[in-house]
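S.K.: Going by the UniProt record's numbering, the sequence shown opens with residue 1, and the numbers climb by one from there.
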Amino acid sequence: PAGLYHERQRLELCAVHALNNVLQRPCFTQEAADEICKRHAAPWSSPRPPPPIFNYFGSFPYLFNIFFGRLAPDARLNPHRSLLGTGNYDVNVIMAALQSLELAAVWWDKRRSLERLALSQILGFILNVPSHVSLGFVALPLRRKHWLAVRQLRGTYYNLDSKLRAPVAIGGEAELR
Numbered sequence: 001p002a003g004l005y006h007e008r009q010r011l012e013l014c015a016v017h018a019l020n021n022v023l024q025r026p027c028f029t030q031e032a033a034d035e036i037c038k039r040h041a042a043p044w045s046s047p048r049p050p051p052p053i054f055n056y057f058g059s060f061p062y063l064f065n066i067f068f069g070r071l072a073p074d075a076r077l078n079p080h081r082s083l084l085g086t087g088n089y090d091v092n093v094i095m096a097a098l099q100s101l102e103l104a105a106v107w108w109d110k111r112r113s114l115e116r117l118a119l120s121q122i123l124g125f126i127l128n129v130p131s132h133v134s135l136g137f138v139a140l141p142l143r144r145k146h147w148l149a150v151r152q153l154r155g156t157y158y159n160l161d162s163k164l165r166a167p168v169a170i171g172g173e174a175e176l177r
């Protein structure tokens with residue numbers, strides 16, 4: 001449909017594409033996502049003490065920070081993205097990106113009823129779903145997680161998966177639920 005923004009899949013940048021597709025504009029790039037990875041604090045870099053199991057190992061939290069987070073922001077080994085530098089960003093990058101725009105990401109447990117969603121207060125959805133892996137036209141017997149966006153435009157919800165050639169209409173609220 002006219003006026004619907006849709007980025008296609010490139011490398012392992014599905015998180016970046018899902019963000020831009022749900023926001024309906026090109027807000028984030030691979031470089032911006034990589035910068036978020038560098039800025040994102042490691043799990044044990046907060047003022048709180050690390051979990052008790054790590055206290056036993058003494059310097060493990062310090063070493064963890066050196067290799068994975070704040071103390072070595074330019075390190076290749078970063079838990080929030082692919083080691084190869086091709087993307088494959090985790091949920092922390094998506095949440096930090098949304099927070100940088102003063103938007104909130106709300107976790108939704110799929111076991112909860114969708115009837116509880118206040119759709120009028122939701123900008124869109126970013127889902128992490130299993131996806132088949134292929135090399136060109138050859139499908140491999142592997143499955144990986146893939147980020148995709150769903151957004152409403154003029155009363156119709158659309159699947160804005162970056163692996164699709166074009167957005168696919170889902171329908172109204174009833175069909176979404």
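For each residue, glycine too, the CB sits at the ideal point set by N, CA and C.
1. Could you tell me which of Gly87, Phe137, Thr156, Gln121 sits nearest to lysine 145, measuring between CA atoms?
2. Beta-carbon separation of proline 1 and leucine 153 under 8 Å?
3. Distance check for valine 150 and glycine 171, CA to CA, integer angstroms please.
4. Could you pull the start and end residues of the alpha helix (DSSP H) that serine 100 belongs to?
5. So, using beta-carbon positions, are glutamine 24 and lysine 163 closer together than 8 Å?
6. How many angstroms separate the CA atom of arginine 177 from the CA atom of alanine 18?
7. Grab the span of the beta strand (DSSP E) containing alanine 139 for me, first residue to last.
8. Could you round the C-beta distance between leucine 142 and valine 133 to whole angstroms and report it? I think they count as a contact, below 8 Å.
9. May I have the straight-line CA-CA distance separating glycine 155 from asparagine 21, to the nearest angstrom?
10. If you compare alpha carbons, which of Ala174, Ala96, Tyr5, Leu123 is closest to alanine 32?
11. What does DSSP give as the partner residues of serine 134 in its beta bridges?
12. Count the other C-beta atoms from every protein chain shown that fall within 10 angstroms of the C-beta of aspartate 161, then say buried if there are 16 or more, exposed otherwise.
13. Following a CB-centred definition, is glycine 87 positioned closer than 7 Å to any heavy atom of the ligand FAD?
14. Could you give the DSSP three-state label for valine 168: helix, strand or coil?
15. Please return the same chain residues whose Cβ sits closer than 8 Å to the Cβ of residue 182, not counting the five positions on each side in sequence.
M.R.: For this structure:
1. Gly87
2. yes
3. 11 Å
4. 91-100
5. no
6. 20 Å
7. 138-153
8. 4 Å
9. 17 Å
10. Ala96
11. Ala139
12. buried
13. Although the ligand FAD was asked about, the structure shown includes no ligands whatsoever.
14. strand
15. Within the shown structure, residues of the chain are numbered from 1 to 177, placing residue 182 beyond reach of any answer.
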